[in-house]
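Following: one structure in structure tokens, then a few remarks.
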Amino acid sequence: LSTPGQGGPKVQQAVQDSIRNIDQCSSQISSARAFAGTTLQRLDGVKGRLDATELSAQTDRSSAEDLDMVKALSSFNQQQTGYQAALQSYATIQKLSLFQYLNA
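So the mapping is simple: this note's numbering equals the position in the sequence shown, first residue as 1, plus 35.
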């Protein structure tokens, strides 16, 4: 700044180097922001899946806690009786031969 024309090329080179460094830093910042955005998007997806799983677990727990045990046992016994009757019928039918079936 003391004398015009002196040191001009050095100053110009320093300014160009500084601009190049700023551009590189800007590029690195953009890359870091893109990486952070991708990571946040993945985390949002994971959080959504965890929230859905938690809701499902709470629903299942509520259903289990609200279950009427007497009604459930009664329904189970009815189904078991029907299943045993079906098995006995099948066993009886298997014992019959074609001739026994025709004579009956």
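Glycine is no exception: its CB is placed at the ideal position from the N, C-alpha and C atoms.
Values in this document were obtained by computation on a predicted structure and should not be read as measured data.
Inter-residue spacing [alpha-carbon to alpha-carbon] between residue i and residue j
i, j, result
"Tyr118", "Thr94", "30 angstroms"
"Phe70", "Gln114", "57 angstroms"
"Ala120", "Val105", "23 angstroms"
"Gln47", "Cys60", "20 angstroms"
"Ile57", "Ser65", "12 angstroms"
"Leu85", "Ala92", "10 angstroms"
"Gln76", "Ala67", "14 angstroms"
"Ala99", "Gln63", "54 angstroms"
"Glu89", "Val81", "12 angstroms"
"Phe111", "Ala126", "23 angstroms"
"Pro44", "Thr74", "45 angstroms"
"Gln123", "Leu131", "13 angstroms"
"Ile54", "Gly72", "27 angstroms"
message: Please give the ranges of any alpha helix (DSSP H) in the stretch 48 to 103, keeping only runs that are unbroken, at least 4 residues long and fully inside the region.
response: none
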